[in-house]
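Numbered per this note's numbering, the sequence shown spans residues 2 to 302.
Right, one structure below, let's go through it.
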Amino acid sequence: MLERSILNGIYDLHIHTGPSVAKRLLDAGEMMKNAQAAGYRGYLVKDHYAPSAHGCCLVEHNMGDGSCRCYSSIVLNNCVGGLNLLALDVAYHMGARMVYMPTVSSRLHIEDHKGRKFLGSGNMTTTGLEEPIYLLDGNNKIIPECVEVLKYIAEKGDLVLSTGHISWQEIDVLIPTALELGVRKIVVNHPSFTIMAPHDVIARWAKWGAWIEMTACEFGAVVFNDDSRFNPIALFNQYLDAGVPMEQMFISTDFGQSISPEPVEGMYKFLSLIHEQLGYGADVLERMTKTIPAYLMSVES
2 MLERSILNGI
12 YDLHIHTGPS
22 VAKRLLDAGE
32 MMKNAQAAGY
42 RGYLVKDHYA
52 PSAHGCCLVE
62 HNMGDGSCRC
72 YSSIVLNNCV
82 GGLNLLALDV
92 AYHMGARMVY
102 MPTVSSRLHI
112 EDHKGRKFLG
122 SGNMTTTGLE
132 EPIYLLDGNN
142 KIIPECVEVL
152 KYIAEKGDLV
162 LSTGHISWQE
172 IDVLIPTALE
182 LGVRKIVVNH
192 PSFTIMAPHD
202 VIARWAKWGA
212 WIEMTACEFG
222 AVVFNDDSRF
232 NPIALFNQYL
242 DAGVPMEQMF
252 ISTDFGQSIS
262 PEPVEGMYKF
272 LSLIHEQLGY
282 GADVLERMTK
292 TIPAYLMSVE
302 S
């Protein structure tokens with residue numbers, strides 16, 4: 002049985018809290034209360050449609066006791082002007098430390114949701130106006146607008162580039178381009194959920210230095226108590242077998258949806274399942290939930 006003390010010191014860098022256009026299980030303030038009670042050191046709020054800096058700043062200042070950070074982010078979807086340097090600059094100077102490539106505005110996401118509603122859009126009536134954003138030009142090079150974003154991230158140094166919901170073919174060009182431009186920290190978001198990247202390709206990204214995010218929301222045993230839905234817990238070992246270094250994998254929940262477990266409890270359940278089914282010890286789990294996320298958020302040890 003995994004002790005609950007494993008939660009002390011955790012950073013969860015992928016949580017969807019309210020207020021948002023979709024109904025969320027909890028808001029950023031409620032998340033702060035739960036995180037502090039569990040001993041978290043930090044969590045990052047992601048919203049597909051709006052930068053999260055306003056709420057995060059207010060929550061940390063007015064509800065935090067200094068033990069837990071509430072980090073903010075920006076997702077470069079059409080709602081913020083797409084690959085918009087002005088929006089990114091504002092978000093950064095308000096505290097955002099993670100910038101996502103398009104999610105709901107990516108060509109992959111739009112094609113994947115044809116004929117079905119994306120739960121994260123809530124009751125929005127304008128999603129049909131989304132113009133798909135694709136990061137590659139006709140020569141399979143990163144488009145100029147994205148290059149400028151990458152240069153900005155590289156210049157700041159403490160910004161993390163996350164790949165969002167772009168296709169694995171785009172990611173395969175984005176990572177080396179970002180590295181060439183000097184981007185230091187790159188996260189590949191849930192590559193076997195939405196992205197569906199081949200495992201050998203994921204291994205290549207990890208060997209290039211990208212951090213591979215494993216999110217609780219993509220595992221059926223965590224969300225539905227059914228390991229046959231979505232991905233099995235054994236996906237971790239499948240990645241290892243494909244050549245993904247364990248040292249390049251880290252854990253987030255991607256929780257906050259109204260149908261998901263509460264993020265702290267979901268994290269504990271996820272870690273417990275990994276421990277029970279795969280035998281990963283506390284040292285491995287702590288690296289995946291504390292050491293690597295702390296490094297990504299530029300926390301000095």
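Every residue gets a Cβ at the ideal spot worked out from N, C-alpha and C, and that includes glycine.
- It is roughly 7 Å from the alpha-carbon of Met250 to the alpha-carbon of Met215.
- Look at Ile11 here: in three-state DSSP terms it is coil, with no helix or strand label.
- Along the region 75 to 125, the alpha helix (DSSP H) occurs as fully enclosed runs of 4 or more residues at 86 to 94 and 108 to 113, listed in sequence order.
- Beyond the five residues adjoining it in sequence on each side, His49 comes within less than 7 Å, by CB distance, of Val76, Asn78, Thr104, Val105 and Gly121 in the same chain, given in chain order.
- Around Val184, the same chain offers Leu151, Ile154, Ala155 and Leu162 as residues with beta carbons nearer than 7 Å, after the five sequence neighbours per side are excluded.
- In the DSSP secondary-structure assignment, Ile196 is not bridged to any residue.
- Taking C-beta atoms as the reference points, Ile134 and Arg117 fail to come closer than 8 Å.
- Following the DSSP letters along the chain, one finds Met215 inside the beta strand (DSSP E) bounded by residues Trp212 to Thr216.
- Per DSSP, Ile234 lies in no beta strand (DSSP E) segment and is marked neither H nor E.
- For Val189, the three-state secondary structure derived from DSSP is strand.
- In the structure shown, Arg70 adopts extended strand secondary structure according to DSSP, grouped into three states.
- Between Thr254 and Phe237 the beta-carbon gap is near 15 Å, outside 8 Å, which marks them as no contact.
- Taking a cut-off of 8 Å for Cβ pairs, the region 28 to 48 and the region 271 to 288 do not touch, as fewer than three such pairs fall below it.
- Secondary structure at Gly40: coil, using DSSP grouped into helix, strand and coil.
- Judged by DSSP secondary structure, Leu162 falls within the beta strand (DSSP E) whose first and last residues are Val161 to Ser163.
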